[in-house]
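Chemist: Sharing a structure with you now.
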């Protein structure tokens, strides 16, 4: 998890944060979606997320198919983001340099610049 230092900092006991993670894909590009979900949940708990239920993984391949060449609709990403943010009174952190790795990250980064 390239964002491990951020999750650890946000979950530090002295900060009194309740961190939740939203992942828009199960990571099923190679048919390993269940394994990837478990890995994400385990990593999140190891990094300080309070409960497994605080990791939300959308399993909707019609909207968010996993794969290096897949493109997600900005409107669908915005809808998923807003449902999470408004449903949980959330604030969001994203990583500006994430787009270097996968095009989707740039897409999401652009969306997060909008006021929530």
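Numbering (this note's numbering), first residue to last: 6 to 121. Even for Gly, the Cβ is constructed at its ideal location relative to N, Cα and C. Since the model is a prediction, treat every value here as computed from it, not as a measurement.
1. Three or more C-beta pairs under 8 Å: does that hold for the region 69-79 against the region 52-59?
2. What do you get for residue 47, buried or exposed, if any count of 16 or more other CB atoms within 10 angstroms of its CB means buried?
3. For the 8 Å Cβ check, are there 3 or more pairs between the region 56-65 and the region 16-26?
4. Residue 90 and residue 29 - do their beta-carbons sit closer together than 8 Å?
5. Tell me which same chain residues have a C-beta within less than 7 Å of the C-beta of residue 9, skipping the five on either side of it?
6. Report the three-state DSSP secondary structure of residue 12 (helix, strand or coil).
7. CB residue 31 to CB residue 20, shorter than 8 Å?
8. Looking at chain C, is there any beta carbon in it that lies within less than 8 Å of the beta carbon of residue 44?
9. Among 45, 49, 86, 84, which residue has its Cα nearest to the Cα of residue 13?
10. Once the 5 residues before and after residue 93 are set aside, which same chain residues still bring their CB inside 8 Å of it?
11. How would you write the range of the beta strand (DSSP E) that residue 40 sits in, first residue to last?
Modeler: Answer, in terms of the structure:
1. No contact exists between the region 69-79 and the region 52-59.
2. To locate residue 47, count along the chain shown from 1; it is residue 42. Its Cβ having fewer than 16 others within 10 Å, residue 47 is exposed.
3. With a cut-off of 8 Å, the region 16-26 and the region 56-65 count as touching, because enough Cβ pairs lie within range.
4. Taking the first residue of the chain shown as 1, we reach residue 29 at position 24. Taking the first residue of the chain shown as 1, we reach residue 90 at position 85. Not closer than 8 Å, so no.
5. The residue labelled residue 9 in the question sits at position 4 within the chain shown. Taken in chain order, the residues that qualify are 52.
6. Here the question's residue 12 lines up with position 7 in the chain shown. Three-state result, residue 12: helix.
7. Residue 31 sits at position 26 when you count from the first residue of the chain shown. Residue 20 sits at position 15 when you count from the first residue of the chain shown. With contacts defined as CB atoms closer than 8 Å, residue 31 and residue 20 fail to qualify as a contacting pair.
8. Looking for chain C here will not work: only one protein chain is present.
9. Residue numbering aside, residue 13 sits at position 8 when the chain shown is read from its first letter. Of all alpha-carbon atoms in 45, 49, 86, 84, the one lying nearest the alpha-carbon of residue 13 is that of 49.
10. Mapped onto the chain shown, residue 93 falls at position 88. Only residues of its own chain outside the window of five on either side were considered, and among them 25 have a CB closer than 8 Å to the CB of residue 93, listed in chain order.
11. Working through the chain shown from its first residue, we reach residue 40 at position 35. Going by DSSP, residue 40 is part of no beta strand (DSSP E) but of the alpha helix (DSSP H) stretching over 38-52.
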